[in-house]
Each structure stands twice: as C-alpha cells, then as structure tokens.
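Student: Protein sequence lines correspond, in order, to chains A and B.
Taking this note's numbering, the leading residue of the first sequence gets 1, the next gets one more, and so forth.
Taking this note's numbering, the leading residue of the second sequence gets 393, the next gets one more, and so forth.
Even glycine gets a Cβ: it sits at the ideal position worked out from N, Cα and C.
Model, not experiment: these values are computed from the prediction.
Number of protein chains: 2
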Amino acid sequence: MKAFQPPERILMGPGPSNVSPRVLAALARPTIGHLDPEFIGLMDQIKELLRYAFQTANEFTFALSGPGSLGMETALVNLIEAGSKVMVLQNGFFGGRLKEIAERYGAEVILVEEQWGRSFDPEKLQEFLEKHPDTDIVAFVHAETSTGALSDARALVEIAHEYDCLTVVDTVTSLGGCELLVDQWKIDVSYSGSQKCISGPPGLSPITFNKRAVEHVKKRCSKVRSWFMDITQLEGYWMGEIKRSYHHTAPINSLYGLHEALLLLHQEGLVTAWDRHRRHHRALVAGLHSLGLHLLVPPGEQLPQLNAVKIPEGVDDARIRSRLLNEFNIEIGGGLGQLAGRIWRIGLMGESSKPETVLRFLAVLELLLQEEKLDIQGGAAEKAAREVLEGN
Amino acid sequence: MKAFQPPERILMGPGPSNVSPRVLAALARPTIGHLDPEFIGLMDQIKELLRYAFQTANEFTFALSGPGSLGMETALVNLIEAGSKVMVLQNGFFGGRLKEIAERYGAEVILVEEQWGRSFDPEKLQEFLEKHPDTDIVAFVHAETSTGALSDARALVEIAHEYDCLTVVDTVTSLGGCELLVDQWKIDVSYSGSQKCISGPPGLSPITFNKRAVEHVKKRCSKVRSWFMDITQLEGYWMGEIKRSYHHTAPINSLYGLHEALLLLHQEGLVTAWDRHRRHHRALVAGLHSLGLHLLVPPGEQLPQLNAVKIPEGVDDARIRSRLLNEFNIEIGGGLGQLAGRIWRIGLMGESSKPETVLRFLAVLELLLQEEKLDIQGGAAEKAAREVLEGN
Numbered sequence: 001m002k003a004f005q006p007p008e009r010i011l012m013g014p015g016p017s018n019v020s021p022r023v024l025a026a027l028a029r030p031t032i033g034h035l036d037p038e039f040i041g042l043m044d045q046i047k048e049l050l051r052y053a054f055q056t057a058n059e060f061t062f063a064l065s066g067p068g069s070l071g072m073e074t075a076l077v078n079l080i081e082a083g084s085k086v087m088v089l090q091n092g093f094f095g096g097r098l099k100e101i102a103e104r105y106g107a108e109v110i111l112v113e114e115q116w117g118r119s120f121d122p123e124k125l126q127e128f129l130e131k132h133p134d135t136d137i138v139a140f141v142h143a144e145t146s147t148g149a150l151s152d153a154r155a156l157v158e159i160a161h162e163y164d165c166l167t168v169v170d171t172v173t174s175l176g177g178c179e180l181l182v183d184q185w186k187i188d189v190s191y192s193g194s195q196k197c198i199s200g201p202p203g204l205s206p207i208t209f210n211k212r213a214v215e216h217v218k219k220r221c222s223k224v225r226s227w228f229m230d231i232t233q234l235e236g237y238w239m240g241e242i243k244r245s246y247h248h249t250a251p252i253n254s255l256y257g258l259h260e261a262l263l264l265l266h267q268e269g270l271v272t273a274w275d276r277h278r279r280h281h282r283a284l285v286a287g288l289h290s291l292g293l294h295l296l297v298p299p300g301e302q303l304p305q306l307n308a309v310k311i312p313e314g315v316d317d318a319r320i321r322s323r324l325l326n327e328f329n330i331e332i333g334g335g336l337g338q339l340a341g342r343i344w345r346i347g348l349m350g351e352s353s354k355p356e357t358v359l360r361f362l363a364v365l366e367l368l369l370q371e372e373k374l375d376i377q378g379g380a381a382e383k384a385a386r387e388v389l390e391g392n
Numbered sequence: 393m394k395a396f397q398p399p400e401r402i403l404m405g406p407g408p409s410n411v412s413p414r415v416l417a418a419l420a421r422p423t424i425g426h427l428d429p430e431f432i433g434l435m436d437q438i439k440e441l442l443r444y445a446f447q448t449a450n451e452f453t454f455a456l457s458g459p460g461s462l463g464m465e466t467a468l469v470n471l472i473e474a475g476s477k478v479m480v481l482q483n484g485f486f487g488g489r490l491k492e493i494a495e496r497y498g499a500e501v502i503l504v505e506e507q508w509g510r511s512f513d514p515e516k517l518q519e520f521l522e523k524h525p526d527t528d529i530v531a532f533v534h535a536e537t538s539t540g541a542l543s544d545a546r547a548l549v550e551i552a553h554e555y556d557c558l559t560v561v562d563t564v565t566s567l568g569g570c571e572l573l574v575d576q577w578k579i580d581v582s583y584s585g586s587q588k589c590i591s592g593p594p595g596l597s598p599i600t601f602n603k604r605a606v607e608h609v610k611k612r613c614s615k616v617r618s619w620f621m622d623i624t625q626l627e628g629y630w631m632g633e634i635k636r637s638y639h640h641t642a643p644i645n646s647l648y649g650l651h652e653a654l655l656l657l658h659q660e661g662l663v664t665a666w667d668r669h670r671r672h673h674r675a676l677v678a679g680l681h682s683l684g685l686h687l688l689v690p691p692g693e694q695l696p697q698l699n700a701v702k703i704p705e706g707v708d709d710a711r712i713r714s715r716l717l718n719e720f721n722i723e724i725g726g727g728l729g730q731l732a733g734r735i736w737r738i739g740l741m742g743e744s745s746k747p748e749t750v751l752r753f754l755a756v757l758e759l760l761l762q763e764e765k766l767d768i769q770g771g772a773a774e775k776a777a778r779e780v781l782e783g784n
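1. So Ala-318 (chain A) contacts chain B; which residues on that side make the cut at Cβ distance below 7 Å?
2. From the DSSP output, in three-state form, read off Phe-228 (chain A) for me.
3. By alpha-carbon positions, which one of A:Pro-355, A:Ala-3 and A:Gly-71 ends up nearest to Val-285 (chain A)?
4. Which word fits Ala-57 (chain A), buried or exposed, when buried means at least 16 other C-beta atoms lie within 10 angstroms of its C-beta?
5. Taking DSSP as the reference, what is the three-state secondary structure of Met-393 (chain B)?
6. Give the residues of chain B in contact with Leu-336 (chain A), contact being defined as C-beta atoms less than 8 Å apart.
7. Hey, would you say Ser-420 (chain A) sits closer than 7 Å to Gly-333 (chain A), going by beta carbons?
8. Just curious, the beta strand (DSSP E) that Arg-737 (chain B) is in, first and last residue?
9. Could you compute how far the alpha carbon of Ser-582 (chain B) sits from the alpha carbon of Ser-205 (chain A)?
10. Can you confirm whether the stretch 684-697 of chain B touches the stretch 518-533 of chain B when touching is taken to mean that 3 or more C-beta pairs between the two stretches lie within less than 8 Å?
11. Hey, Val-23 (chain A) and Gly-240 (chain A) are a contact pair by Cβ (cut 8 Å); roughly how many whole angstroms apart?
12. Mind checking whether Val-750 (chain B) and His-672 (chain B) have CB atoms under 7 Å apart?
13. Work out the CA separation of Pro-298 (chain A) and His-161 (chain A) for me, nearest whole Å.
14. Counting only runs that start and end within the stretch 682-729 of chain B, where is the alpha helix (DSSP H) found for 4 or more residues in a row?
15. Pairs of beta-carbons, one from the stretch 433-445 of chain B and one from the stretch 643-655 of chain B, closer than 8 Å: are there three or more?
16. Where in the stretch 54-96 of chain A do unbroken runs of the beta strand (DSSP E), each at least 3 residues long, occur, reported from the N-terminal end onward?
17. With 16 other CB atoms within 10 Å as the buried threshold, where does Arg-319 (chain A) fall?
18. From A:Ile-311, A:Ala-155, A:Ser-353 and A:Ile-10, pick the residue whose C-alpha is nearest to that of Ser-343 (chain A); which is it?
19. Quick check: the Cα distance between Trp-238 (chain A) and Thr-249 (chain A), rounded to an integer number of angstroms?
20. Using the Cβ count rule (16 or more neighbours within 10 Å means buried), how would you classify Pro-304 (chain A)?
21. Cβ of Tyr-497 (chain B) within 7 Å of Cβ of Arg-617 (chain B)?
22. With DSSP as the reference, please indicate the residues paired to Pro-398 (chain B) in a beta bridge.
23. Where does Ala-149 (chain A) fall in DSSP's three states?
24. Compute the distance between the beta-carbons of Lys-491 (chain B) and Leu-481 (chain B), then report whether it is under 7 Å.
25. Drop a sphere of 10 angstroms on the beta-carbon of Cys-395 (chain A), count the other beta-carbons inside from all chains shown, and report buried for 16 or more, exposed for fewer.
26. With the cut-off set at 7 Å, would you say Pro-643 (chain B) and Ile-252 (chain A) are in Cβ contact?
27. For Ala-340 (chain A), list the residues DSSP reports as bridge partners.
28. Between Phe-120 (chain A) and Ser-151 (chain A), how many whole angstroms is the CB-CB distance? I'm expecting something under 8 Å.
29. Give every residue of the same chain whose Cβ lies closer than 7 Å to the Cβ of Pro-14 (chain A), excluding the five residues on either side of it in the sequence, and list them in chain order.
30. Using a beta-carbon distance cut-off of less than 8 Å, what residues from the stretch 413-425 of chain B approach chain A?
31. I need the DSSP call for Leu-128 (chain A), collapsed to helix, strand or coil.
32. Under DSSP, the alpha helix (DSSP H) around Glu-500 (chain B) begins and ends at which residues?
33. For Ser-597 (chain B), report the span of its alpha helix (DSSP H) as first-last.
34. Candidates A:Met-72, A:Val-19 and A:Val-182: which alpha carbon is nearest Met-621 (chain B)'s?
35. DSSP beta-bridge partners for Ser-190 (chain A)?
36. Beta-carbon of Tyr-163 (chain A) versus every beta-carbon of chain B: anything under 7 Å?
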C-alpha cells in the first residue's frame, strides 16, 4: 500500500462539491489543541460566519463534529421525548430518514406524503394540522437533495407555528445555494452539511437552534437520549463564556477548512452566491433542453443547485455515469429510492457552480448521448448555455 | 476576519498529538465523491490498516465519521436494549462517561469503582460478577486518558467471558501506543480515536466488532436507538461486497489523512511503535524524577503515552500551563474531574513521542519551576533523559 493520490474530479453530484484550493490548504495547517485559546478564537469566528450563512442571530449556532445526517439526528433527538407527536412532510428520500429517526427515539410520527419531485404543498400541511392539532414538531426538508425540489420553508413554518409546533428544517442542500433566512422565516431548528453549497470539507454539520427550541430542550422531562448529541452538553464546549468545558475532541483540521470556506462565502456575499447558483442553473437547463432532456421538477419548484434530469429512454444510466467518471473525471449522481435508474442528479453547488463546469459537462454529455445513438445536434447545448451565461 | 494561521505547537497534552507533515499533506488532496470507486478502494485499505493496528481479523472494522466519544456511544448503543445490565468499571473520568451513556439508553448500570490513578483490579471484577452473574455487558477503559493508568484488558475480558458477558473496551489512548491485541485478548467491541497514538487528523473513531458482538446486534429485539450509529446500517456503507449503499457522506479528506497516518504506523511496525513510546516515556520519567516530580500512577500500572504528574506544592497549575503554551508553544493537559488542579497530563503520543519533544519539554519545565522558586539543579533533567535515550 502506498499514499493515496485521488484523481482530480469535477464534482457535479449531490455532494460533495469541489473544494477550493484555499480550503484544501487550510486543512493542511498544523494541528493545535482543541482547548487552545487560538482554537477557541477560531470556533468563535466559525459561529459568527455560520450566523451570517444561516441569516440568524441565534446564539446556539455551531458546527457538529459529524456529517449532515448527524445534524438531522441531533435536531430530532434534542426535541423529541417518548410520545412526542412529530409530523414529517415527505417529498423525497430524506423525508423518509426524518421519519425513521423520529420513530427510533420514540416519537409518534404522522407522515404526510407529497409526490417526489414536487415542493411540499403548504395547504396539505394546514389540512393535516387541522386533523392533528396536538402535533408537537413539524419536520421537513427545504431543498430535497434526492429530487431537486425546493419547498417554501417560510410558508410551512408559518403554518406550523399557528398550531404552536416547533419546526425542524433540513437545509443540507440549501445553505449557501439559495435563499435561506432562518430568523426572518422563524425556523426553530435547522441543520446543514459542509460539503454542498458552502464547499467545505465533508463531514461537518452546521446547526442552529433558536431560543424557543433551546428552552424546549432545557425544560425536557427526560434527559436527551444521546449523550454525544445533547446540545446542553455541547453548549459548554462551543459557548462557554470564560472557560470552555471539555466535551469531545473537535475535528480540528476540518474546522480550519470550514472556516476558510465560510470566509469565501462571506467575501462573495450570500446574495451574490445565490445569484451565481441561479445563473449557472439556467445555463445548464438551457443546454439540457437543447439536448432534448427534461427536469423532474416543474420550473417554479426547482432548486438551482441540484438538477434531477429524467434519463432518456433507451439510455443506460450506469454506463453514462461510469463513462463520465472514468473517461472524463466528471461525477454526477444517480437516483435514490423510487427514483433509482430514472434520473441523474446534476449538482452545481458551491465551487462547482461555475461556467467552466456547466460548459464542460454539456459538451461531454452531448458526445456520450450521440454515442448512445440519440439524434442530437452537435454544439447546440454549449451554444444555448453560453447565451444564458453571456446574457447576464 | 481573515484566514486562520494556527501557531506551531508541540502537542504534549492528552491529545491531539502532533500530526506528521505527510498526514497534513494528505488532508489537502482534492476531494472526491464518497461513492467514487477510488474512494471505496481507499476505504478498503483503511479497514485493512485498522485491522493491523487493532490486531484483529474482524470484518466489522472501520472508522466512524466522528470522534472517539461517538465511538464510545456507538459501541454501547448497538449492544444495549432497555433493561440490559451493564457493569462499568471506573478508574478515571472516562469510566464515568461510559456509565452516563449506558444509562441514557436505558441500561441498568452496575458501577464498580477503583481509585483514580490505579489499574482496575481484575479480582474486583470477579467479585462483582459473582454478585451480579446476570450482567450482559462489561465496559471499561484500557488506557485511562484522565490518569495515565493501564488496565489488564486481557485479564478483565477473560473474567467477563466466564460470566458470558460481552466486553466493550475503550482503546482511545492505547491504539498504536502500547500493546493491544484485540483478537488474542478476545475483546468483543473496541473503539479508539484518530488523534492520539496514531496521530491522524482529529475527529475520527476507529472501531471494531467481533462476530459475537455483530450477531448480538443482529438478534436485537428492538431497533438500535440511534439511526446514525446503527452498525447494521453502516455495514452497507463500509462493507457492501459489490455495491456500497449510501448512508451518510464520509469525512473524505479526513479519511485521506487517517489512511496516511495508518500507513506510517504500518511502515514503522506496531512493536517498534510500542517500544518507541516506552523508551520516550522512560526518558521523560527519568527527567521528571530528577526535578523532584512524581507520577500519579504506580510504575507497573503506568501508560507510556500519557503521564499524570503530581503538581508540586506551591506551584500554580494554570500559570505553568499557560506559560508553557504562550511562551514556549508547548501544550500539556490539566487534570479532569477530581484531579483538576492536582496533576498535569503529559502526553507522548504518536508523532509527539520523540527525543526532541522530551528534551525540549524537560528543559523548559526546569526553567519554569526554577522561576517558581523550586530548588532544582540546572541541566539535571536533560542529563537524566539523555542517559535513557542513549542507553537504548
């Protein structure tokens, strides 16, 4: 065995996205202790930068020492006690995971289903809350990574609050990639991932709890089941005023990388980043249309950063994806769950959301589809995408 | 805010230890997808290298996407069902954490206490198991990071097995730093940390389950409480034969670093690494003795990689540690729990276990203690340490 030399991929799947050389360089800086005052200063800056990214003033805003799915479980395990009533709104794969986790911790789950590939309809939430007015928590995914559908988090949270529910909003794929205003939309708890639209090192989960949610946790009758995920324990580690108490050893070098990625986002500006994601999405879609391909999600409900494309009839899903990867170093994603084999998931997230990525991908896809004997006009995709890119 | 530039510290606390430039360089390699065949190949190599480090053939051997305390919780949550009887052997801070976690997941805990700073006495385990022969699980810490005491894991496991108990052994601080033979000692479940004696990037937890433990998990009456930590879910991600199933996004760059750190350990050889830790420990102790300092733990029970030194009377704990850090870039640890303010914890782990570290530390400590008005002969500590280093 020898040192691992990864290939240089263009990452256009559902995450991770490409990581900037500045962030990679940060990862390689010398490790220091996790209770070192210099490191505590870094943690404070990360909290501040995360507050900017989430658009929140929540004190309880930090990065969990694990991936987004740990964030999902942390959000739920802190709020749920045995018998809590949790309404899970499912319009894709990750809604199913919310249900699974809530049930494991003893919640009574009311699952409300929406067609995969559509936004979750706020009227449906209203209707179900009328039927179940004693619901404690409403949980849903803002940007469904499995389908590319964006739900109206503001509207859903507003309805949930009419019934005095706490809200848990999965923003794994939305943070940094499209509008997300945690305070303005009054989201109670939200968690995300480091490896999507903020293009940090994979493996961290930014999370934020508002005061109402923190108070709920502090008033629990029973201890939070998980010791590792208990936010009242993490409080002393990330937020002690004078002296931080030991909880666990943070992933120090990964946090160097997250800090740098968040700095890049801050330097670009959130609105500029959201616009960038939208522009490259439009260019991609123009190119895909010119190749005769269609998105799963209707235009008004579509995320800019993740595009689920219906695989044309007669085209071999696995062959195209493996040729993209092995011959052209381009990674895209396949479908999850009921969408396996039916869609490709093309991410344009964070560092991967740039003109070169879009143009390169379209040129290669055109070539591969021509070799699959689809009747496609050469150069049309690139031309259509360039028109969008230059029109802005 | 600007890019974070950490200082260059000599890390001689209870972890993290210094990380080799080769490992730091690995962290900065380009990120690839976590389902990329190249990455899956890397995961397979990591499993193989971890089997070597743990001295096990267990198939279920991999790295969790979180720190050692997540490893502790993962070990327990998979084995425990409501009402499980768990005997926790506590001879330091981390035994208390085992108890806390087991209780949160509904176990009935029998806590058996030993003096902090001593090995756990196997006869005491025998005695308590005679009183509680229906115990299901025995959990203890092999190398107590809070005191520097080494317990006889082989003997403890043997006794636990006489009563048909499963054994959970915390090897966070022992892996790579002193003898640990998972298969020969018949340990059922063991977890460790990446940032101690293997000097990988902080934030990962190597873990191993033997067949008996895996069968126990698969025969559970109830689902594992935690979705994120459920090893039957992680199995498909780390161990699928043909196709890996998606579970979460691994901390890809951190795993590059872990792979490199494990390669370094493999190249050095385990026995050589254990010898190295012992040699530098002996040099450190010779130096400390010549300064009139004493270890908390009796010689036969002392870990080589972590040395708890009694703080001499009249010397200010915090002042010495902050001078070491701020004036000399040397980090050592303070005491935890009942030992706070009474000991310093001096780690010589992994990359930090080398002659330069020992000699530099002794020279600086001598100087600082002289300034605290202790009557100390200049140069004696370095001389004593050199004699040990050169004698080998």
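Tutor: A quick look at the data gives this:
1. Against the first sequence, residue 318 (chain A) aligns to sequence position 318. In chain order: nothing, as chain B lies at least about 10 Å away.
2. The residue given as residue 228 (chain A) occupies position 228 in the first sequence. Of the three classes helix, strand and coil, the one that applies to Phe-228 (chain A) here is coil, per DSSP.
3. As a working mapping, residue 285 (chain A) is identified with position 285 in the first sequence. Considering only alpha carbons, the answer is A:Pro-355.
4. The residue you call residue 57 (chain A) lines up with position 57 of the first sequence. Classification for Ala-57 (chain A): exposed.
5. Numbered from its first residue, the second sequence carries residue 393 (chain B) at position 1. In this structure, Met-393 (chain B) counts as coil in the three-state DSSP scheme.
6. Translated into positions along the first sequence, residue 336 (chain A) becomes position 336. Going along chain B in sequence order, the residues near Leu-336 (chain A) (Cβ under 8 Å) are Tyr-638.
7. Look at the range of chain A in this structure, 1 to 392, and you will see that residue 420 (chain A) is not part of it.
8. As a position in the second sequence, residue 737 (chain B) is number 345, starting the count at 1. Element bounds for Arg-737 (chain B): 735-739.
9. One-based indexing of the second sequence puts residue 582 (chain B) at position 190. One-based indexing of the first sequence puts residue 205 (chain A) at position 205. Going by the C-alpha atoms only, they are around 26 Å apart.
10. no
11. Sequence index remark: in the first sequence, residue 23 (chain A) carries index 23 (1-based). Sequence index remark: in the first sequence, residue 240 (chain A) carries index 240 (1-based). In fact, because the Cβ distance is near 28 Å, the residues do not count as touching under 8 Å.
12. Along the second sequence, one-based indexing puts residue 750 (chain B) at 358. Along the second sequence, one-based indexing puts residue 672 (chain B) at 280. Yes, the pair counts as a contact, with Cβ atoms nearer than the cut-off.
13. Reading the first sequence from its first residue, position 161 is the one you call residue 161 (chain A). Reading the first sequence from its first residue, position 298 is the one you call residue 298 (chain A). Cα to Cα, His-161 (chain A) sits roughly 28 Å from Pro-298 (chain A).
14. 709-720
15. yes
16. 60-64 and 85-90
17. Here residue 319 (chain A) refers to the residue found at position 319 when the first sequence is read from its first residue. When all chains shown are included, Arg-319 (chain A) counts as exposed.
18. For this step, residue 343 (chain A) is matched to residue 343 along the first sequence. Reading off the sequence, residue 343 (chain A) comes out as Ile, not Ser. Checking every option, the nearest Cα to that of Ile-343 (chain A) belongs to A:Ile-311.
19. One-based indexing of the first sequence puts residue 238 (chain A) at position 238. One-based indexing of the first sequence puts residue 249 (chain A) at position 249. For Trp-238 (chain A) and Thr-249 (chain A), the distance between alpha carbons rounds to 12 Å.
20. Here residue 304 (chain A) refers to the residue found at position 304 when the first sequence is read from its first residue. Buried, because 16 or more other Cβ atoms sit within 10 Å of the Cβ of Pro-304 (chain A).
21. Along the second sequence, read from residue 1 onward, the residue named residue 497 (chain B) stands at position 105. Along the second sequence, read from residue 1 onward, the residue named residue 617 (chain B) stands at position 225. Cβ distance < 7 Å, so Tyr-497 (chain B) and Arg-617 (chain B) count as in contact.
22. Looking up residue 398 (chain B) in the second sequence gives position 6. Answer is none; Pro-398 (chain B) lacks a bridge partner.
23. Translated into positions along the first sequence, residue 149 (chain A) becomes position 149. Strand at Ala-149 (chain A).
24. Sequence index remark: in the second sequence, residue 491 (chain B) carries index 99 (1-based). Sequence index remark: in the second sequence, residue 481 (chain B) carries index 89 (1-based). Not a contact, by the Cβ cut-off of 7 Å.
25. Here chain A covers residues 1 to 392 and nothing more, so residue 395 (chain A) does not appear.
26. Numbered from its first residue, the second sequence carries residue 643 (chain B) at position 251. Numbered from its first residue, the first sequence carries residue 252 (chain A) at position 252. Not in contact: Pro-643 (chain B) and Ile-252 (chain A) (Cβ atoms no closer than 7 Å).
27. Residue mapping note: residue 340 (chain A) aligns to position 340 of the first sequence, counting from 1. BP columns for Ala-340 (chain A) are empty, so no partner.
28. Within the first sequence, the letter at position 120 stands for residue 120 (chain A). Within the first sequence, the letter at position 151 stands for residue 151 (chain A). The Cβ separation is near 4 Å, so the contact holds.
29. In the first sequence, residue 14 (chain A) corresponds to position 14, counting from 1. Once the five neighbours on either side are set aside, the close Cβ partners of Pro-14 (chain A) are Thr-145, Leu-306, Gly-333, Arg-345 and Gly-347.
30. Arg-414, Leu-416, Ala-417, Ala-418, Leu-419, Ala-420, Arg-421, Pro-422, Thr-423, Ile-424 and Gly-425
31. Position 128 of the first sequence, counted from the first residue, corresponds to residue 128 (chain A). Just to set this straight, residue 128 (chain A) is Phe in the shown sequence, not Leu. Phe-128 (chain A) falls in the helix class under three-state DSSP.
32. Within the second sequence, numbered from 1, the residue matching residue 500 (chain B) stands at position 108. From DSSP, Glu-500 (chain B) is part of no alpha helix (DSSP H) but of the beta strand (DSSP E) over 500-505.
33. Here the question's residue 597 (chain B) lines up with position 205 in the second sequence. Where Ser-597 (chain B) is concerned, there is no enclosing alpha helix (DSSP H), although the beta strand (DSSP E) it sits in stretches over 597-601.
34. For this step, residue 621 (chain B) is matched to residue 229 along the second sequence. It is A:Met-72 whose Cα lies nearest to the Cα of Met-621 (chain B).
35. The residue you call residue 190 (chain A) lines up with position 190 of the first sequence. For Ser-190 (chain A), which the question treats as bridged, DSSP gives the partners A:Val-169 and A:Thr-208.
36. Looking up residue 163 (chain A) in the first sequence gives position 163. With 7 Å as the cut-off, Tyr-163 (chain A) does not count as an interface residue toward chain B.
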